[in-house]
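In the numbering used here, the protein residues as written are 7 to 146.
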């Protein structure tokens with residue numbers, strides 16, 4: 007089956023938008039993040055949205071290549087096996103996917119300082135994912 011470039015480009019735009027918002031939140035600093043519930047909830051939702059968008063792209067490509075991922079984490083590992091992202095990036099995105107599942111399913115156990123750390127330090131993994139997908143789209 008053919009890759010739907012328009013679908014992927016829409017998801018990439020959504021991820022980029024979420025990343026921009028997350029960077030703005032990160033610039034506010036830890037103290038403001040921890041004391042403002044609106045900002046914390048926005049950051050958590052934006053992370054869910056960005057990671058979900060990455061999974062949507064991953065799932066689309068993996069399925070179109072004839073495989074079916076068993077989970078969010080597995081999808082990124084399969085994308086690595088297809089040579090679209092590196093193994094290291096796949097591992098980091100798999101961890102991010104697990105964190106996303108915690109945000110959705112056991113949100114009351116999430117450490118807000120960990121959320122802040124992720125939005126300050128790990129967003130680069132989503133940016134690396136975007137670059138890898140763009141390179142892939144240029145080839146297909």
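Ideal Cβ positions, reconstructed from N, Cα and C, are used throughout, including at glycine. All values reported here derive from a predicted model rather than from experimental measurement.
- Under the three-state reduction of DSSP output, residue 54 falls in the helix class.
- In terms of Cα proximity to residue 31, the closest of 71, 54, 82, 46 is 46.
- Classified as buried, residue 95 has 16 or more neighbouring CB atoms from the shown chains inside 10 Å of its CB.
- With 16 or more neighbouring CB atoms inside 10 Å of its own CB, residue 59 falls in the buried class.
- The continuous alpha helix (DSSP H) containing residue 11 extends over residues 11 to 33.
- Three or more Cβ pairs drawn from the segment 119 to 129 and the segment 23 to 40 lie within less than 8 Å of each other, which places the two stretches in contact.
- For secondary structure counted as the alpha helix (DSSP H) over 4 or more consecutive residues, the segment 98 to 130 holds these complete runs in sequence order: 118 to 127.
- The segment 49 to 69 and the segment 92 to 107 touch, with three or more beta-carbon pairs separated by less than 8 Å.
- Annotated three-state conformation of residue 37 is helix, per DSSP.
- Shown here for residue 24: same chain residues with a beta carbon closer than 6 Å to its own, the five before and five after excluded, namely 52, 55, 56 in chain order.
- Inter-residue distance for residue 104 and residue 111 is about 10 Å (C-alpha atoms, whole angstroms).
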